[in-house]
Amino acid sequence: MKITVVANGPFLIDTSGEWSWTGEAGTKTGKDRIALCRCGASGSKPLCDGTHRKIGFTAEGGECELTPG
1317 MKITVVANGP
1327 FLIDTSGEWS
1337 WTGEAGTKTG
1347 KDRIALCRCG
1357 ASGSKPLCDG
1367 THRKIGFTAE
1377 GGECELTPG
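When you line the sequence shown up against the numbering used here, it's residues 1317 to 1385, in that order.
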């Protein structure tokens, strides 16, 4: 699994497979990647909806890679 902190944007999580998220709004699923809100203003939290661009969110980026075991 690789987590990329996008400069001025969300956390991108490369799952290398399918993912599912269960919350108050039900279950959402997708493939390979999930973008999590980092600006706190997304209308679809915890997922990113691009609001960071509208509000001028700024923050540094980076990345880390996690290996099982």
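Quick reminder that beta carbons are idealized off the backbone N, C-alpha and C, glycines included.
- Ranked by Cα distance from Thr1367, the first of Leu1352, Ile1319, Thr1343 is Leu1352.
- For Lys1318, there is no enclosing alpha helix (DSSP H); the enclosing beta strand (DSSP E) has its first and last residue at 1318-1321.
- Bounds of any alpha helix (DSSP H) do not take in Thr1383, whose DSSP letter is neither H nor E.
- Where Arg1349 is concerned, the enclosing beta strand (DSSP E) starts and stops at 1342-1352.
- Nearest Cα to Pro1362 within the set Ile1350, Gly1372, Phe1373: Ile1350.
- Taking the C-beta atoms as reference points, Asp1348 is found nearer than 9 Å to Thr1331.
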